[in-house]
Each structure stands twice: as structure tokens, then as C-alpha cells.
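Numbered according to mature numbering (1 follows the signal peptide of the UniProt record, and there is no 0), the sequence shown spans residues -24 to -1, 1 to 176.
Built from N, CA and C at the ideal position, the CB exists for glycine as well.
In this text, all values refer to a predicted model and were calculated from it rather than measured experimentally.
Comments concern the structure below.
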Amino acid sequence: MKTVKRIVAVLLAVMLMAPAAVHAAAPSVRDTNINKKKATATVTYNKKTQLPTTITVNGQKLVVGKDCVIVKKKKSGKKNVGTYKITIKGIGNYSGTTTVTYKIEKAEQKIKTSTKAKTYKSSTIKKKGKTFNLKTKAASKKVTYKVTGKKSAKKYIKVSKNGKVTIKKGIKKGTYKIVIKAKATKNHKQGKKVVKITIK
């Protein structure tokens, strides 16, 4: 009987000590101080006023709304390409405030045309030439056209400044290309598109 009592007493002692041991082993969570640390961010122009959603602080990526908040002073968001500054405050596992240098970079410039490719029978072109309009649309107003392909390409294919394409009769069989380029703008990179003309 005495032995049983001793065993019970030992078990109780172990059970009481276990929570204390677990509590002592648990690591304490410490805040990372971002006060006056180097902070940068990059976003791409999208025609809208925007602020970064992810910010790199001292090599660590912080998510806005989870790890930090932007301290707004009136309208801090910007729209056009450029370099700007905002202030963030750490939250959650982060504390302190710092200034962020964030960039809005140029977006890719898409060129739209009424057609991507044209195909004609050589027998049809022998009798009469063909014309069509590319109806080019781009962010830039400065658009250029260049005809490439066979040596005779420029002789038989002409493109006006307004994008009107003229294919003269007598053109040889083959594949020809019209390379369209739109000059870079303040908010867009240079754009490029190729329209193929196939004579079978």
C-alpha cells in the first residue's frame, strides 16, 4: 500500500512540473524594429493611383496590412512613372517607422491593329493589287511602319503614316512582315508588333 502511494505521489509531481517546463521552453516573440531602416518598393504603371503592397525593409519583405501600414498624409498614392516617398509604421511582429522610396516603373506598351495577318492568292494579286487599313492603336502617338521580307518587299508593299497598306500586283509568293513600333512614352516602354502578309 505504501508503495502505491509513493507511485501516485511521484506521478502527481511529474504532472505538475510538466506545464512549467513547457512554458519555460517556449521562445518569446520579439518585435523587429524597422525604425529608420532602408526601405524600397516597386510597382508598375497601371493608369491608376497606387501604393505598394509589398515593401522590402533591410532585406526583409513586409506585406502592407499585415506587417506594416502606410502612414498617409492626404493623398500619398501616385499615378505616373517616377520615384516617390512614403512613411510606413510596423505592426504585428514589427515596430518603428521608416521612409520608403518606391518607384512606379513603365508598363509594357501594347499595340492593337485591326488584323494580325493577311493571306492572299498570288493569282488574285497578279490581276489587281490589294489595300487594307491596320487601324493601329497605341499609347504613343508616334508610330512607325517598316516592311521586311524578300528584297522586293518594299517595292510591292507600302504602308502610309496612317497605317494604310497597299500591296501592288506582281508581288512574288512568300511571307512578308510589317514591323510596327510605337515610341516609348512617359509611362510606357517602346511597343512592337508584327503583322504577317502571306502570298500563296
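Quiz item: Touch check for the segment 93 to 104 and the segment 22 to 40: three-plus C-beta pairs under 8 Å?
Solution: By the Cβ criterion, the segment 93 to 104 is not in contact with the segment 22 to 40, since fewer than three pairs of Cβ atoms, one from each stretch, lie closer than 8 Å.
Exercise. With distances taken Cα to Cα, identify the nearest neighbour of S99 among K176, T20, N11, D7.
Key: Position 123 of the sequence shown, counting from 1, holds the residue named residue 99. Distance check between S99 and each of K176, T20, N11, D7 places K176 closest, using alpha-carbon atoms only.
Practice problem: For the segment 7 to 35, list the alpha helix (DSSP H) runs that are entirely contained and at least 4 residues long, ordered along the chain. | Solution: DSSP runs (the alpha helix (DSSP H)) wholly in the segment 7 to 35: none.
Quiz item: So which of K159, K117, K149 has the shortest CA-CA distance to I173?
Solution: Here residue 173 refers to the residue found at position 197 when the sequence shown is read from its first residue. The candidate whose alpha carbon is nearest that of I173 is K149.
Practice problem: Name the residue from T74, Q36, A83 whose alpha carbon lies nearest to the alpha carbon of G58. | Solution: Position 82 of the sequence shown, counting from 1, holds the residue named residue 58. Closest by alpha carbon: A83.
Quiz item: In terms of DSSP beta bridges, what is V45 paired with?
Solution: Here residue 45 refers to the residue found at position 69 of the sequence shown. Paired residues: K65.
Self-check item: Where A115 falls: helix, strand or coil (DSSP)
Solution: Reading the sequence shown from its first residue, position 139 is the one you call residue 115. DSSP, reduced to helix, strand and coil, places A115 outside both helices and strands of the structure shown, so it counts as coil.
Practice problem: Helix, strand or coil for A83, going by three-state DSSP, please let me know. | Solution: Residue numbering aside, residue 83 sits at position 107 when the sequence shown is read from its first letter. Strand.
Quiz item: Below 8 Å, can you find three or more Cβ-Cβ pairs linking the segment 73 to 87 to the segment 130 to 142?
Solution: The segment 73 to 87 makes no contact with the segment 130 to 142: fewer than 3 CB pairs, one atom from each, lie closer than 8 Å.
Self-check item: Per-residue burial, K104 [other beta carbons within 10 Å of its own, 16 or more giving buried]
Solution: The count along the sequence shown starts at 1 and reaches residue 104 at position 128. By the neighbour-count criterion, in which 16 or more other beta carbons inside 10 Å mark a residue as buried, K104 falls on the exposed side.
Quiz item: Apart from the five residues on each side of it in sequence, which residues of its chain come closer than 8 Å, Cβ to Cβ, to S71?
Solution: Here residue 71 corresponds to residue number 95 of the sequence shown, with the count starting at 1. Setting aside the 5 residues that flank it on each side, S71 is surrounded in the same chain by D7, T8, N9, I10, N11, each with a C-beta closer than 8 Å to its C-beta; the list follows chain order.
Quiz item: Do you know how far the Cα of L110 is from the Cα of T77?
Solution: Along the sequence shown, one-based indexing puts residue 77 at 101. Along the sequence shown, one-based indexing puts residue 110 at 134. Taking the CA atoms as reference points, T77 sits about 42 Å from L110.
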